[in-house]
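Number of protein chains: 4
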Amino acid sequence: MSPPLRADAARNRDHVLATARSAMAEGDLALQLNDIARRAGVGVGTVYRHFPTRRALVEALADSSFTTLVEEAHSASRHDVAWTGVEVLLRALLLAQLTDPAFTEVISTSPDQDAAAGTTAHREQFRASTRTVLERAQQAGSLRPDLTEDDLHRLVCGTAFALRISENPTDRLDRYLRVLLDGIHAGRV
Amino acid sequence: MSPPLRADAARNRDHVLATARSAMAEGDLALQLNDIARRAGVGVGTVYRHFPTRRALVEALADSSFTTLVEEAHSASRHDVAWTGVEVLLRALLLAQLTDPAFTEVISTSPDQDAAAGTTAHREQFRASTRTVLERAQQAGSLRPDLTEDDLHRLVCGTAFALRISENPTDRLDRYLRVLLDGIHAGRV
Amino acid sequence: MSPPLRADAARNRDHVLATARSAMAEGDLALQLNDIARRAGVGVGTVYRHFPTRRALVEALADSSFTTLVEEAHSASRHDVAWTGVEVLLRALLLAQLTDPAFTEVISTSPDQDAAAGTTAHREQFRASTRTVLERAQQAGSLRPDLTEDDLHRLVCGTAFALRISENPTDRLDRYLRVLLDGIHAGRV
Amino acid sequence: MSPPLRADAARNRDHVLATARSAMAEGDLALQLNDIARRAGVGVGTVYRHFPTRRALVEALADSSFTTLVEEAHSASRHDVAWTGVEVLLRALLLAQLTDPAFTEVISTSPDQDAAAGTTAHREQFRASTRTVLERAQQAGSLRPDLTEDDLHRLVCGTAFALRISENPTDRLDRYLRVLLDGIHAGRV
DNA sequence: AATGAATGAGCCTTCATTCAT
DNA sequence: GATGAATGAAGGCTCATTCAT
Chain A
1 MSPPLRADAA RNRDHVLATA RSAMAEGDLA LQLNDIARRA GVGVGTVYRH FPTRRALVEA
61 LADSSFTTLV EEAHSASRHD VAWTGVEVLL RALLLAQLTD PAFTEVISTS PDQDAAAGTT
121 AHREQFRAST RTVLERAQQA GSLRPDLTED DLHRLVCGTA FALRISENPT DRLDRYLRVL
181 LDGIHAGRV
Chain B
1 MSPPLRADAA RNRDHVLATA RSAMAEGDLA LQLNDIARRA GVGVGTVYRH FPTRRALVEA
61 LADSSFTTLV EEAHSASRHD VAWTGVEVLL RALLLAQLTD PAFTEVISTS PDQDAAAGTT
121 AHREQFRAST RTVLERAQQA GSLRPDLTED DLHRLVCGTA FALRISENPT DRLDRYLRVL
181 LDGIHAGRV
Chain C
1 MSPPLRADAA RNRDHVLATA RSAMAEGDLA LQLNDIARRA GVGVGTVYRH FPTRRALVEA
61 LADSSFTTLV EEAHSASRHD VAWTGVEVLL RALLLAQLTD PAFTEVISTS PDQDAAAGTT
121 AHREQFRAST RTVLERAQQA GSLRPDLTED DLHRLVCGTA FALRISENPT DRLDRYLRVL
181 LDGIHAGRV
Chain D
1 MSPPLRADAA RNRDHVLATA RSAMAEGDLA LQLNDIARRA GVGVGTVYRH FPTRRALVEA
61 LADSSFTTLV EEAHSASRHD VAWTGVEVLL RALLLAQLTD PAFTEVISTS PDQDAAAGTT
121 AHREQFRAST RTVLERAQQA GSLRPDLTED DLHRLVCGTA FALRISENPT DRLDRYLRVL
181 LDGIHAGRV
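Chains as they are written, first to last, in UniProt numbering: chain A, 1 to 189; chain B, 1 to 189; chain C, 1 to 189; chain D, 1 to 189.
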């Protein structure tokens, strides 16, 4: 659709992205375009050219996490054991959120009016895989039948939130994930 | 500690609080002191006198939810059936968050450097009750032994988050709470 | 409606107005609020408090010219000789435009969505007087019958424009005004 | 003076001009070079190469109106009836302004420091014809003797302005032009 | 010649906080 | 105590112009 970027432009764009990623990693979730420009040693205009809004930048940052996740979700949807698919999928989604604050923002938020095409596509693909995973597990009788794909999605976001407000998120990851998995398992109902 | 407020000052304070509560209820989570002052028909200075920081105002707003919750937690800690205590406590904590955004902010956040005495006290009392509830349930064998009081606390905040990013939080409350309760129940381990 | 300004606030407001008037007189028709603030030695916020938009400032600037003009127009509408009323009115309107660029902007422009109450009132009063002047002169047979009050209004704005793009506006004023007056006199038709 | 343009360059130039003309016709009087470039599907650099300043572009746009006008003015200067020459000339100048905003900008403005050769020439030719028309009419006793060519010029610009700030310029053209013509006719003095 | 990415000054506006009245 | 005017740092964004490709 759009022509490939010129080499120098691409380099700039990547540099801005890298800078933004660092900023977020350091906990600066505000991600102000002016600030990123300054940090990247680049004119504001350059940042605005590549990312007309803060949201556009966030989505671009989230892209790689999203790509990975989409693949993981797809393979999760083909696991021999349906329930294992659920486990794998949820862990992947949770891990992505612990790792990448930009991704967390995108995934915890309703789709943007004018999201990048890529983001919309990823979302759609991920939803599809999730739906498959969910249906298989429900048919296998291992997943509560009263949960929808949206529910799963949000419950994982909630778990990620619980981890985020904790001191050592990574240490607790397995425990909290286990709680979630046990909670959604059908056995108990 | 501080002298009782003059009657008119107290009236002002209450009015500001009421205004702020309305604002938050309407979804204005920014809660700008200037804005509140204007809405309350009161000078900015007045707001600042009573609530030197935004956080102070938020804590004041959260106070009544906190008071209620502390009572509920206390009575939960005396339930005949330990597990029922857990259920009651968690539901109360969850409900408070769905109802009162100010409370949500306070409870999802590490204690403030210079929090109001009341807030600190409430927090402590609530922690104590929670601890009791938790220990009783763990001794009764109904609650996973590997969960601490902090874990419980955060898991509920996570569940509240999951509800908050949903369309009709109230409709889903019971389902999500059930997931959480099943997840933390010891039966499965 | 709004409470009277505090003394110091009023002083500030006046100072900003004076600064803005100077700026315009010096030919700076852009009238940027930041710039005015700097020139006035006042915080930007102060300017914005008193004049939330550039237009509000312009209207405030135009106010005194408008007040004078409205009076002149009113007395013009009571002249014994209807045609003299026309002459007086048009000269007054023309002069106001040569003297006050802010007034020129307001009067050459369609009424603002949210104009100050004063501006709207002035406009209305001026229109009314103009209408009277016009009707009397038309009934006396001295003014072309095919001209409306809007036409008069705009023709004067046009004449003011002709003067503005000239080197020595004031020197030409009488000549251009004469051309206009002769042009709208009925005698010739 | 400058070498003839390469064919493709000429095509580009024309295309930019056409785009700019459309933009102005649509009421975009700002005429930002960046914007024009984008609309024309051409690099900014290309626009800058052909038109180093906004003004240069405006003058280029005005060129064709100017050419036509110069011819009309010339033929007006040869009318049998001197006064008719005045009528024809003024109407032509007025019409050009109603039709072409670029021309209006050029003609209402003092000659540019570094105007294109063509513009300067056109101006000169137009001035010459106007002077002729004016002198003949004054000698014939039909035009006020106290008007200079500059006066005529500006009075027409003023009339154009009056029309421009009106709702239906074209509907009023004849009336306003009549007012002007009657105003400058010598009969009345 | 053409391209269009980059620049960065600079305007607009908001808002937390202070302090004279 | 209450008031609300003043402050000005700070962030958002645009756009004329340059220059490497």
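Note that CB positions come from ideal geometry on N, CA and C, so glycine has one too. For clarity, every value in this text was computed on a predicted model and none was experimentally measured.
Run down chain A in chain order and give the residues with a C-beta less than 7 Å from the C-beta of Arg154 (chain B). Ala162, Ile165 and Ser166
Discussion item. Short of 8 Å Cβ to Cβ, which residues in the stretch 34-48 of chain D face chain C?
Written reply: none
Check: With 8 Å set as the bound, which would you pick, yes or no: does the beta-carbon of Leu180 (chain B) sit closer than that to a beta-carbon of chain A?
Finding: yes
For this session: Compare the C-beta of Gly27 (chain C) with all C-beta atoms of chain D and state if any pair is closer than 8 Å.
Result: no
Thinking just about the alpha-carbon of each residue, which of A:Ser166, A:Arg127 and A:Leu155 is nearest to the one in Ala76 (chain A)?
A:Arg127
* Closest by C-alpha distance to Leu57 (chain B), when choosing among B:His185, B:Ala37 and B:Gly41 -> B:Ala37
Going by CA-CA distance only, name the one from C:His122, C:Gly27, C:Arg13 and C:Leu180 that's closest to Thr99 (chain C).
C:Gly27
* Asked: With 8 Å set as the bound, which would you pick, yes or no: does the beta-carbon of Asp146 (chain B) sit closer than that to a beta-carbon of chain A?
  -> yes
Assuming Gly158 (chain B) and Ala162 (chain A) make a contact with CB atoms under 8 Å, what is their CB distance in whole Å?
-> 3 Å
In this structure, how does DSSP classify His185 (chain C) when only helix, strand and coil are distinguished? strand
Determine the extent of the alpha helix (DSSP H) in which Gln32 (chain D) is found, giving its start and end residues. It is not in any alpha helix (DSSP H) - Gln32 (chain D) carries neither H nor E in the DSSP assignment.
- Item | Buried or exposed by the 16-neighbour rule on C-beta atoms within 10 Å, applied to Gly85 (chain D) | buried
Outcome for Gly187 (chain C) when other beta-carbon atoms lying within 10 angstroms are tallied against a minimum of 16: exposed
Practice problem: Examine chain A for any beta-carbon lying closer than 8 Å to the beta-carbon of Gly183 (chain B), and answer yes or no. | Solution: yes
* Exposure of Asp146 (chain C), with buried meaning 16 or more beta-carbon neighbours within 10 Å -> exposed
Exercise for the section: Determine whether the Cβ of Gly158 (chain B) lies closer than 8 Å to any Cβ atom of chain A. Expected result: yes
**Asked** Can you list the residues of chain B that Asn108 (chain A) reaches, using a CB-CB cut of under 7 Å?
**Response** According to the sequence as given, residue 108 (chain A) is Ser; it is not Asn. Within 7 Å Cβ-Cβ: Ile165.
Q: Go to Phe66 (chain C), then tell me how far its alpha helix (DSSP H) extends in each direction, as first and last residue.
A: Arg54 to Ala76
Check: Interface residues of chain C around Arg175 (chain D) at Cβ under 8 Å?
Finding: Asp146, Leu147 and Asp151
Item to check | Integer-rounded CB distance, given that Val42 (chain B) should sit under 8 Å from Leu33 (chain B) | outcome: Rounded, the Cβ-Cβ distance is 11 Å, inconsistent with contact.
- Message: For His153 (chain D) and Gly141 (chain C), what's the separation of their Cα atoms in angstroms?
- Response: 31 Å
For the alpha helix (DSSP H) containing Val88 (chain B), name the first residue and the last one. Ala82 to Thr99
task: Measure the CB-CB distance between Met24 (chain B) and Pro101 (chain B) and report whether it falls below 8 Å.
output: yes
Original post:
Given a threshold of 16 other Cβ atoms within 10 Å of its Cβ, counted over all protein chains shown, does Val179 (chain C) qualify as buried or as exposed?
Top reply: buried
Note to self: Among the candidates C:Ala116, C:Val133 and C:Asp171, whose CA atom is the shortest distance from the CA of Glu87 (chain C)?
What the structure shows: C:Val133
* Counting along the chain, where does the alpha helix (DSSP H) carrying Arg136 (chain C) start and finish? -> Ala117 to Gln139
Local Cβ density within 10 Å of Glu71 (chain D), reported as buried at 16 or more and exposed below that
exposed
*asked:* If I follow the unbroken alpha helix (DSSP H) through His153 (chain D), where does it start and stop?
replied: Glu149 to Arg164
task: Name the one or two DSSP bridge partners that Leu143 (chain C) has.
output: C:His185
Integer-rounded CB distance, given that Leu29 (chain D) should sit under 8 Å from Ala60 (chain D): Between Leu29 (chain D) and Ala60 (chain D) the Cβ distance is about 16 Å, and since that is not below 8 Å, they are no contact.
message: Let me check understanding here. Comparing Cα to Cα, which of C:His15, C:His50, C:Ala82 and C:Ala20 lies closest to Arg144 (chain C)?
response: C:Ala82
Closest by CA to Pro52 (chain C), which one among C:Arg131, C:Ala116 and C:Ala121?
-> C:Ala116
- prompt: If you run the structure through DSSP and keep just helix, strand and coil, what is Pro111 (chain B)?
  reply: coil
Open item on the list: In the DSSP assignment, the alpha helix (DSSP H) including Val44 (chain B) goes from what residue to what residue?
Closed with: Val44 to His50
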